[in-house]
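So the sequence lines, in the order shown, correspond to chains V and X. Residues 5 to 184 in my numbering are what the first sequence lists, from first letter to last. Residues 5 to 184 in my numbering are what the second sequence lists, from first letter to last. Cβ coordinates follow ideal geometry from the N, Cα and C atoms, glycine included. These notes are about the structure you will find just below.
Protein chains: 2
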Amino acid sequence: MSPKPKSRRVLPEPPLTEEQQETWLAYMRVKLRLNYEMNRQLQTDSGLSLADYDVLNALADCPGGRMQVGVLAARIAWERSRLSHHLQRMTARGLVERSPSEQDGRATDAVLTAAGRAELDAATPGHAALVARMFFAGLDPALLPALRTALEQVHEQVLAEGTLPRPVSQHRLPGLYPGS
Amino acid sequence: MSPKPKSRRVLPEPPLTEEQQETWLAYMRVKLRLNYEMNRQLQTDSGLSLADYDVLNALADCPGGRMQVGVLAARIAWERSRLSHHLQRMTARGLVERSPSEQDGRATDAVLTAAGRAELDAATPGHAALVARMFFAGLDPALLPALRTALEQVHEQVLAEGTLPRPVSQHRLPGLYPGS
DNA sequence: TCGGCTTAGGTGACATGTCACGTAACTTCC
DNA sequence: GGAAGTTACGTGACATGTCACCTAAGCCGA
Chain V
5 MSPKPKSRRV LPEPPLTEEQ QETWLAYMRV KLRLNYEMNR QLQTDSGLSL ADYDVLNALA
65 DCPGGRMQVG VLAARIAWER SRLSHHLQRM TARGLVERSP SEQDGRATDA VLTAAGRAEL
125 DAATPGHAAL VARMFFAGLD PALLPALRTA LEQVHEQVLA EGTLPRPVSQ HRLPGLYPGS
Chain X
5 MSPKPKSRRV LPEPPLTEEQ QETWLAYMRV KLRLNYEMNR QLQTDSGLSL ADYDVLNALA
65 DCPGGRMQVG VLAARIAWER SRLSHHLQRM TARGLVERSP SEQDGRATDA VLTAAGRAEL
125 DAATPGHAAL VARMFFAGLD PALLPALRTA LEQVHEQVLA EGTLPRPVSQ HRLPGLYPGS
């Protein structure tokens, strides 16, 4: 099964150095535990899941609390069908609404309702407190800038290499609020 | 709605500094996208989900590929019932087996099968390559040590503050293999 | 050795996520 | 202006995760 002599070496060499492996393991461990804790805290304190929070948060971060469904999906790195189902459930709970897009007849906008914003606002302090306590409280402040830069570099890399479309920066621009 | 004068100040102060917020946002963005990409890559290239991979990986990292179910759950930060269901499915696929624990009559061990180990081995290079490409390729090597230390500090903090039991270090100790 | 307490895991009903596919609105090019 | 290709979302079937609760084994003091 190896009649292809050396057209391109198989490269069984480990693609990660020792230190990279350790870093990756630490990342995964943090991710797993933090996910668990965030979910739990949000659920018990606010009746929101982390998924709900991601959606509400992304919407709230947008002028008018309104975003096209596909754009929102790209922003939070969800499958579009997942978002579609989830919006259905959140609509039933009164947290968001759907309304046909003005720009594109095919598209739908997800819109934050007043109730949705209220729930988000109610949930945010507890969530932020958890982040402060779980993530930053044990972190040497001297490492913060490096951590930030590193994460931003990784983010950029994932965007560049990833299969998912780069999120549209339908973002709030400082001092530029197009209004409703 | 503010008839409770100042029994305890409401503390609307933001618990996070500007730089902490940015760091947190970067972390969340990385987490969302990387999760998406890892899932996708594993699924299409190996027919394993990221969840499968987490389980197999944890087991393989243990002498004999055998671990008590609850210990495994703590290790990968899953609800125990989730793991129970998942093991059932993985058992049906022949990736793992269950066998009653020798030490504790109540407990069950999850055991990696030969097929499970083979699948894991087959999936690992692709997964590692993805990590190398998405996570490390864009990272300034000078930042690596700081990133690692920061993540390890955060991990320690989550363990200390979290609600989940600290994972038992039923880990492979260098030079100390109790054997099967 | 009996009864209550705790801890192990499992289970069934239901919430959530994924995949494959469907329909409709654009876009293009003739 | 209309067929072909693309893009936007929705949907139904099924895979996965969560919650509340169950049974059994170990534990412990009366």
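Within chain V, the residues that residue i reaches when beta carbons sit closer than 8 angstroms
i, result
"Gly166(X)", "Arg37, Tyr40, Glu41 and Met138"
"Ala133(X)", "Pro19"
Nearest-angstrom Cβ-Cβ length linking residue i and residue j, presumed shorter than 8 angstroms
i, j, result
"Arg121(X)", "Gly69(X)", "7 angstroms"
"Val73(X)", "Leu87(X)", "6 angstroms"
"Val162(X)", "Leu20(V)", "Between Leu20(V) and Val162(X) the Cβ distance is about 23 angstroms, and since that is not below 8 angstroms, they are no contact."
"Leu23(V)", "Arg152(X)", "Note that residue 23(V) is Glu in the sequence shown, not Leu. Indeed, because the Cβ distance is near 6 angstroms, the residues count as touching under 8 angstroms."
"Tyr40(V)", "Ala81(X)", "4 angstroms"
"Ser229(X)", "Ala111(X)", "No information on residue 229(X) is available, as it lies outside the stretch 5 to 184 that chain X covers here."
"Gln157(V)", "Gly109(X)", "The Cβ separation is near 51 angstroms, so there is no contact."
"Gly98(V)", "Ala119(V)", "5 angstroms"
"Arg33(X)", "His90(V)", "Actually they are not in contact, since the Cβ atoms of Arg33(X) and His90(V) sit about 19 angstroms apart, beyond 8 angstroms."
"Asp58(V)", "Gly130(V)", "That belief does not hold up - the Cβ atoms of Asp58(V) and Gly130(V) are roughly 16 angstroms apart, past 8 angstroms."
"Leu147(V)", "Ala150(X)", "5 angstroms"
Closer than 7 angstroms at the beta carbon, the chain V residues around residue i
i, result
"Thr27(X)", "Leu148, Leu151, Arg152 and Leu155"
"Gly120(X)", "Under the 7 angstroms cutoff, chain V gives no residues; its nearest Cβ is about 19 angstroms from Gly120(X)."
The ligand GDP heavy atom lying under 8 angstroms from the CB of residue i
i, result
"Ala118(V)", "For the structure depicted, the ligand GDP is absent and the ligand set is empty, with no information on it obtainable."
First and last residue of the uninterrupted beta strand (DSSP E) at residue i
i, result
"Ser103(V)", "Val100 to Pro104"
"Val115(X)", "Thr112 to Leu116"
"Met32(V)", "Unbroken run through Met32(V) is the alpha helix (DSSP H), Glu22 to Ser50; no beta strand (DSSP E)."
"Arg70(X)", "Arg70 to Gln72"
Residues of its chain near residue i, where Cβ-Cβ distance is below 7 angstroms and the 5 sequence neighbours each way are ignored
i, result
"Asn43(X)", "Ser53 and Leu54"
"Ala206(V)", "The first residue shown for chain V is 5 and the last is 184, placing residue 206(V) beyond what the model contains."
"Gln47(X)", "Ser53"
"Met138(V)", "Leu38 and Glu41"
Where residue i meets chain X, residues with beta-carbon distance less than 8 angstroms
i, result
"His159(V)", "Ala30, Arg33, Val34 and Arg37"
"Val73(V)", "Residues of chain X passing the Cβ test: none, with the nearest at roughly 17 angstroms."
"Leu143(V)", "Ala154, Gln157, Val158 and Gln161"
Chain-ordered chain X contacts of residue i [CB-CB under 7 angstroms]
i, result
"Gly130(V)", "Simply none; closest approach about 10 angstroms."
"Arg44(V)", "Thr167"
Unbroken alpha helix (DSSP H) run spanning residue i, endpoints
i, result
"Arg84(X)", "Arg84 to Ala96"
"Arg152(V)", "Leu148 to Glu165"
"Ala55(V)", "Leu54 to Ala64"
Under 9 angstroms from the C-beta of residue i: neighbouring residues of chain X
i, result
"Glu23(V)", "Leu148, Pro149 and Arg152"
Same chain only: Cβ atoms within 6 angstroms of residue i, ignoring 5 sequence neighbours per side
i, result
"Leu134(V)", "Gln45"
"Pro28(V)", "The residue you asked about is not Pro; residue 28(V) is Trp in the sequence shown. So no residue of the chain qualifies."
Same chain only: Cβ atoms within 8 angstroms of residue i, ignoring 5 sequence neighbours per side
i, result
"Pro9(V)", "For Pro9(V), the pLDDT reaches just 39, beneath the cut-off of 50, and the residue's location in the model is therefore unreliable, although a value from the coordinates is still provided. Once the five neighbours on either side are set aside, Pro9(V) has no close Cβ partner at all."
"Lys35(V)", "none"
"Glu83(V)", "Ala77"
"Leu15(X)", "Below a pLDDT of 50, predicted positions are generally treated as unreliable, and Leu15(X), at 46, falls in that range; the measurement from the model is reported next regardless. No residues qualify anywhere along the chain."
"Ala62(X)", "Met71, Leu76, Arg79 and Ile80"
"Thr95(X)", "Glu101 and Arg102"
Please list the residues of the stretch 44 to 61 of chain X that have a C-beta atom closer than 7 angstroms to any C-beta atom in chain V, keeping them in chain order. Arg44
Under 7 angstroms (Cβ pairs) to chain X, residues found in the stretch 79 to 98 of chain V: Those would be Ile80 and Ala81, in chain order.
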